[in-house]
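A.B. asks:
There are 2 protein chains.
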Amino acid sequence: MSSSMSEPARLTLDEVHALAMEIFDAHGLSRDQATAVADTVAAAERDDCKSHGLFRVPGYMASVKSGKVTPDAVPAVRDLAPGVARVDAGNGFAPLALKVGREPLVAKARAQGIAVLALVNGYHFAALWPETEALAERGLVAFACTGYIPCVAPAGGIRPLYGTNPIAFAWPRGEGRPPMVFDQATAACARGEIMIHERDGKPIPEGWAIDPDGNPTTDPAAGLAGAQLPFGGYKGAALALMVELLAGALIGDLFSYEAGERDNGDGGPSKGGEFVLAIDPARCAGGGESADGRAAWLAHAESLFGKILEQDGARLPSDRRYAARRRTPIEGIAIPRSLHDTLMELRAG
Amino acid sequence: MSSSMSEPARLTLDEVHALAMEIFDAHGLSRDQATAVADTVAAAERDDCKSHGLFRVPGYMASVKSGKVTPDAVPAVRDLAPGVARVDAGNGFAPLALKVGREPLVAKARAQGIAVLALVNGYHFAALWPETEALAERGLVAFACTGYIPCVAPAGGIRPLYGTNPIAFAWPRGEGRPPMVFDQATAACARGEIMIHERDGKPIPEGWAIDPDGNPTTDPAAGLAGAQLPFGGYKGAALALMVELLAGALIGDLFSYEAGERDNGDGGPSKGGEFVLAIDPARCAGGGESADGRAAWLAHAESLFGKILEQDGARLPSDRRYAARRRTPIEGIAIPRSLHDTLMELRAG
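Chains as they are written, first to last, in the working numbering: chain A, 49 to 397; chain B, 49 to 397.
Following this line, the structure appears as structure tokens:
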């Protein structure tokens, strides 16, 4: 197939990973750091989560070039309590720290029934479903949240204070089925969605943002100058506040407004913590088996998923991602030619 | 002050508690059960949460009269793991089980850093802020959630499956300040709010409910016949699903749709579990003190609350309740004369 300048670039998933590795190598990332970030980027492309895939690589590299992020950081795990581990990312990217912290967290959750991993001193730019899904693949129920830079106004206020503050939850399904996972911002929309509306000269839906005077607006420029809104009004704002407290004060890392004050504006990820929770359902449901020999908690949850899916039009939160995951290993993925050109330049160092 | 038949009845908080105790005694509740439920009812009236106050007492008593709830149940705590305790409510009301389970949960959270209390085999009818606030008063961060009977459609579906499924979160503030607490349904509104609109012949706002064909409706009767909507669209539905899994399959209790199938329709609470989480921030933030000698996590959180409150119009989620709590010990509370009449009849047995 010929590829003109305006056609998207097509890559296999192996090519996505290899390209990311080459770029990271060219920018001085250690082998472990490069592999962890490339795994995250390739997983996002595999699941058709374009906003966390190769699109993010220029930002990652900008943060290395600016000196903000340590490219060869070595994460260090410390035991804080029987149910609490802390992983210090060493001023590096979050993916390697999450990888290093995973087994200590799994071991603690199995031993105690429930455990927390407090990720601190790292730079998070990815989705949260990779880490929660990985825990659910090990048979654990997982929850994670993280802050960002200030975008969203608190309930009743009009100036940005909270980040987009995503929360993710994963439930293991066993029998070769991928976990049920959701991963969603507590903001009504991603900041990038407003930017795309501005670029395309389109109005934004009501409920996404307010202008600098606090009035509802459908003008994307006014919304970007004002504040984003949480999803679902004051209830979403309360969840955003919970995320600030869990991923900030509780684990000893920055609030979104502090991360915003410290960030050098290089276009890369901002500094911040992540709160990751893992629960062993076998220790909570008091054991037990269903009539067909499966764990009682597992069979019970499947009956609920069945009730959901018997309604026409209903689906589980992760179904769209898993459909992409079946498709992309065969069809490969596409990225805009302009992004591909940028990545080729970055590969050259 | 004279009290005609149409004027509201006024009571002191002591009178609220005493009236509830007399009614519960007249219906065979054990002293411990009666005290726990009366404490919950009186706390709701104190904080001006009328929908969980004396208004609920006729429902509580209906469930005793119908034989659904065991009035003298003795909750039993069992240790499932170092970080997990289960309290079996013994087919009784939830408040006593929560009270009995509190100290084991606090001890586990302090020893392990994080712990879960799985409340099973009980009847929950109250708000969740009392139990989360009580944990935060002990210096712990708390989260709780519970199901109900099916009211809310899953994402993409049109038939009720999830309960109104509230979630609550509490953060300790120290220095004599009451905790920051939020307690909110994952449904867009309480079922009772739609009923009140129907009674008053008023349309409901868009976004509260769909009719039996799945179309958006502002007709309260059509909404009650159809399904309630989660707050914030598919994101709220994902949270409702998380609540079903945590308070159902994870702890070995009923999903909302199962509770609905089993309930005898006596107007009282439905059976179901509650998931209660407690975290010791002193074990998560790695200790440390702020410059003024306070715990680092505590001082840090106060700086965020300060940032919220410096915005005109912004407030913390629990501020309205705490304002009522300062007012009602002096002014007392008022209830509709018709409710007071009903309670007088119930007091007679």
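Beta carbons: idealized from backbone N, C-alpha and C, even for Gly.
Everything numeric in this text was worked out from a predicted model, so none of it was measured.
Could you say if the stretch 132 to 140 of chain A and the stretch 102 to 118 of chain A meet the contact criterion of at least three C-beta pairs nearer than 8 Å?
C.D. replies: yes
A.B. asks: For G76 (chain A), which residues of its own chain have a beta-carbon under 6 Å away from its beta-carbon, when the five flanking residues on both sides are left out?
C.D. replies: Taking the first sequence and counting its residues from 1, the one referred to as residue 76 (chain A) is at position 28. Contacts found: P119.
A.B. asks: Against chain E, with Cβ distances strictly below 8 Å, would M290 (chain B) count as a contact?
C.D. replies: Of the protein chains in this structure, namely A and B, none is chain E.
A.B. asks: Look at A236 (chain A) and W256 (chain A) and say whether their C-beta atoms are less than 8 Å apart.
C.D. replies: Residue mapping note: residue 236 (chain A) aligns to position 188 of the first sequence, counting from 1. Residue mapping note: residue 256 (chain A) aligns to position 208 of the first sequence, counting from 1. It is a contact, given that the beta carbons lie within the stated cut-off.
A.B. asks: So for D389 (chain A), helix, strand or coil by DSSP?
C.D. replies: Here residue 389 (chain A) corresponds to residue number 341 of the first sequence, with the count starting at 1. Note: D389 (chain A) maps to helix in three-state DSSP.
A.B. asks: Fully enclosed by the stretch 285 to 369 of chain A, which beta strand (DSSP E) runs are 3 residues long or longer?
C.D. replies: 319 to 327
A.B. asks: Please classify M392 (chain A): is it buried, with 16 or more other beta-carbons within 10 angstroms of its beta-carbon, or exposed?
C.D. replies: Position 344 of the first sequence holds residue 392 (chain A). Label assigned to M392 (chain A): exposed.
A.B. asks: Answer yes or no: does any C-beta atom of chain A fall closer than 8 Å to that of V256 (chain B)?
C.D. replies: In the second sequence, residue 256 (chain B) corresponds to position 208, counting from 1. The amino acid at residue 256 (chain B) is misidentified as Val; the sequence shows Trp. No, W256 (chain B) does not count as interfacial toward chain A.
A.B. asks: Would you mind working out which of A:E241, A:A166 and A:G316 sits nearest Y196 (chain A), comparing C-alpha positions?
C.D. replies: Working through the first sequence from its first residue, we reach residue 196 (chain A) at position 148. Of the candidates A:E241, A:A166 and A:G316, the one whose C-alpha sits nearest the C-alpha of Y196 (chain A) is A:G316.
A.B. asks: Looking only at its own chain, which residues have a Cβ that is under 8 Å from the Cβ of L357 (chain B), when we skip the five neighbours before and after it?
C.D. replies: Along the second sequence, one-based indexing puts residue 357 (chain B) at 309. Here the set comprises R363 and L364.
A.B. asks: Going by alpha carbons, who is nearest to A84 (chain A) out of A:W219, A:S54 and A:A145?
C.D. replies: In the first sequence, the residue the question calls residue 84 (chain A) occupies position 36. Selected option, being the one with the closest Cα: A:A145.
A.B. asks: Along the chain, which unbroken stretches of the beta strand (DSSP E) at least 3 residues long are found entirely within the stretch 121 to 178 of chain B?
C.D. replies: Counting only runs of 3 or more, we get 124 to 129, 132 to 136 and 162 to 171.
A.B. asks: How many angstroms separate the CA atom of V148 (chain B) from the CA atom of K319 (chain B)?
C.D. replies: Within the second sequence, residue 148 (chain B) is the residue found at index 100, counting from 1. Within the second sequence, residue 319 (chain B) is the residue found at index 271, counting from 1. Counting only the Cα atoms, K319 (chain B) lies some 18 Å from V148 (chain B).
A.B. asks: Distance cutoff 8 Å, beta carbons only. Does G161 (chain A) sit that close to anything in chain B?
C.D. replies: By one-based count along the first sequence, residue 161 (chain A) stands at place 113. Interface residue, yes.
A.B. asks: Might you give, ordered along the chain, the residues of its own chain that have their beta carbon closer than 7 Å to the beta carbon of P198 (chain A), omitting 5 neighbours on each side?
C.D. replies: To locate residue 198 (chain A), count along the first sequence from 1; it is residue 150. Here the set comprises P208, L209, Y210, G211, S304, Y305 and G308.
A.B. asks: Can you tell me whether DSSP reads A396 (chain B) as helix, strand or coil?
C.D. replies: Mapped onto the second sequence, residue 396 (chain B) falls at position 348. Reduced to three states, the DSSP call for A396 (chain B) is coil.
A.B. asks: Of the residues A:V324, A:A238 and A:W219, which one's Cα is nearest the Cα of K98 (chain A)?
C.D. replies: In the first sequence, counting from the first residue as 1, residue 98 (chain A) sits at position 50. Of the candidates A:V324, A:A238 and A:W219, the residue whose Cα lies closest to the Cα of K98 (chain A) is A:A238.
A.B. asks: If we count the other Cβ atoms within 10 Å of its Cβ and call it buried at 16 or more, is K156 (chain A) buried or exposed?
C.D. replies: Taking the first sequence and counting its residues from 1, the one referred to as residue 156 (chain A) is at position 108. With a 10 Å radius around the Cβ and a threshold of 16 neighbouring Cβ atoms, K156 (chain A) comes out buried.
A.B. asks: Check the C-beta distance from E254 (chain B) over to P268 (chain B) and give it rounded, since I have them as a contact under 8 Å.
C.D. replies: Here the question's residue 254 (chain B) lines up with position 206 in the second sequence. Here the question's residue 268 (chain B) lines up with position 220 in the second sequence. Going by Cβ atoms, the distance from E254 (chain B) to P268 (chain B) rounds to 12 Å, so no, they are not a contact pair.
A.B. asks: For L394 (chain A), which residues of its own chain have a beta-carbon under 8 Å away from its beta-carbon, when the five flanking residues on both sides are left out?
C.D. replies: For the purposes of this step, residue 394 (chain A) is identified with residue 346 of the first sequence, where counting begins at 1. Excluding sequence neighbours, L394 (chain A) sits near I71, A74, H75, V105, P106 and M109.
A.B. asks: For the ligand NAP, is there a heavy atom less than 7 Å away from the beta-carbon of I258 (chain B)?
C.D. replies: Of the ligands one can find in the structure shown there are none, so the ligand NAP has no counterpart to examine.
A.B. asks: Closer than 7 Å by beta-carbon distance: list the chain B residues that pair up with R207 (chain A), in chain order.
C.D. replies: Counted from its first residue, the first sequence places residue 207 (chain A) at position 159. Simply Q359.
A.B. asks: To the nearest angstrom, report how far apart M49 (chain B) and P56 (chain B) are at their CA atoms.
C.D. replies: Mapped onto the second sequence, residue 49 (chain B) falls at position 1. Mapped onto the second sequence, residue 56 (chain B) falls at position 8. Bear in mind that the predicted position of M49 (chain B) carries a pLDDT of just 42, short of 50, making it too unreliable to give a figure here.
A.B. asks: Would you identify the three-state DSSP class for F279 (chain B), choosing helix, strand or coil?
C.D. replies: Indexing the second sequence from 1 puts residue 279 (chain B) at position 231. DSSP places F279 (chain B) in coil when its eight states are reduced to three.
A.B. asks: Label D95 (chain A) either buried or exposed according to how many other C-beta atoms from any shown protein chain fall within 10 Å of its C-beta, with 16 as the threshold for buried.
C.D. replies: For the purposes of this step, residue 95 (chain A) is identified with residue 47 of the first sequence, where counting begins at 1. Buried.
A.B. asks: For chain A, check one thing: does any of its Cβ atoms lie closer than 8 Å to the Cβ of C332 (chain B)?
C.D. replies: Within the second sequence, the letter at position 284 stands for residue 332 (chain B). Judged by the 8 Å Cβ criterion, C332 (chain B) is in contact with chain A.
A.B. asks: Using the rule of at least 16 other Cβ atoms within 10 Å of the residue's Cβ for burial, across every protein chain shown, is P278 (chain A) buried or exposed?
C.D. replies: Stepping through the first sequence from its first residue, residue 278 (chain A) is reached at position 230. Counting Cβ neighbours within 10 Å, P278 (chain A) comes out buried, since at least 16 surround it.
A.B. asks: Would you list the one or two residues that DSSP bridges to I206 (chain B)?
C.D. replies: Within the second sequence, numbered from 1, the residue matching residue 206 (chain B) stands at position 158. None, per the DSSP bridge assignment.
A.B. asks: In chain order, what residues of the stretch 207 to 232 of chain B put their CB closer than 7 Å to some CB of chain A?
C.D. replies: R207, L209, F217, W219, F230 and Q232
A.B. asks: What are the boundary residues of the alpha helix (DSSP H) that D87 (chain A) is part of?
C.D. replies: Start at 1 with the first residue of the first sequence, and residue 87 (chain A) comes out as number 39. Residues R79 to R94.
A.B. asks: Does M49 (chain A) have its Cβ less than 8 Å from a Cβ in chain B?
C.D. replies: Walking along the first sequence from the start, residue 49 (chain A) turns up at place 1. Confidence in M49 (chain A) is poor, its pLDDT being 42 and thus under 50, which makes the residue's placement unreliable; the coordinate value appears in the next sentence. Judged by the 8 Å Cβ criterion, M49 (chain A) is not in contact with chain B.
A.B. asks: Select from B:A344, B:H388 and B:L272 the residue whose C-alpha is nearest the C-alpha of M243 (chain B).
C.D. replies: As a working mapping, residue 243 (chain B) is identified with position 195 in the second sequence. The alpha carbon of M243 (chain B) has as its nearest neighbour, out of B:A344, B:H388 and B:L272, the alpha carbon of B:L272.
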